[in-house]
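One structure is given here, and the rest of the page talks about it.
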Amino acid sequence: MPLSPHHLRDIERLVRLTKFVRDTLRWLAPSGDQWLHGKVGTRTQPKDAEEHPTFGAELARVDEALRTVEGELRSIASDTDPRLNQLVSVGLTGSALELKQSVLQRLLQRFRISPRRILEWINSFLGSLGTVEQFSKPCDLAKEFKEMLEFVVWSIHRPPKELRPVLDLR
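Here the sequence shown is numbered in my numbering, starting from 58 and rising by one per residue.
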């Protein structure tokens, strides 16, 4: 039994969302390297960057892993594919997937949205996608990378002073 039209749309949507994750991580990686090497606010790489780990270098592995997920998603050709059944069971099809995409679109439409909120959405998406057995390792790699970038984003994009006492739960 071939893939039904609604599942085909879901697969296409999942591929686009996975590409969005790749693009977002690629967009944030230079900020991570600038912060890591003490160059926040500049677009230049430090002269000794080759001697230190960089987000840019690790990004290539993450990008390749997520492209593998995209290829696996595209290879789902039947409504009886076990991967599709796993996607259905974790809410990555139909109205649940539409809801995830709507939340992301709303986050992106908000004026001056914090990259942290987008990273939180990515975490949720990768967590759900990673429950599918074939996608777990690539998604785990991407989540680890995203978490390191999240530390940087928190360091660079501090909340407004008036919110800091509210967020300090010590």
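We put the beta carbon where it would ideally sit given N, CA and C, even for glycine.
Rounded to whole angstroms, what's the CA-CA distance from Val-210 to Thr-137? Just pull it up for me. The alpha-carbon atoms of Val-210 and Thr-137 are separated by roughly 41 angstroms.
query = Pro-59 bridges to which residues according to DSSP?
reply = For Pro-59, the beta-bridge partners assigned by DSSP are Ser-135.
Need the endpoints of the alpha helix (DSSP H) that Gln-162 sits in, please. Note, Gln-162: alpha helix (DSSP H), 151-166.
| said: Under DSSP, the alpha helix (DSSP H) around Glu-177 begins and ends at which residues? | reply: It spans 172-186 - the alpha helix (DSSP H) in which Glu-177 sits, taken as one unbroken run.
ask   = Do the CB positions of Leu-93 and Pro-172 come within less than 8 angstroms of each other?
value = It is not a contact, given that the beta carbons lie outside the stated cut-off.
- Go through its chain and collect everything with a Cβ distance to Gly-148's Cβ below 6 angstroms, but skip five positions before and after it. Hits under 6 angstroms: none found.
Quick one: what does DSSP say Thr-81 is sitting in, helix, strand or coil?
-> Here Thr-81 sits in helix by DSSP.
Are the CB atoms of Glu-127 and Val-237 within a distance shorter than 8 angstroms? Residue 237 cannot be examined here, being either before or after the span of the chain that is shown, 58 to 227.
**Prompt:** Is Pro-7 near Ala-134, with beta carbons less than 8 angstroms apart?
**Reply:** Here the chain has residues from 58 to 227 only, and residue 7 is not among them.
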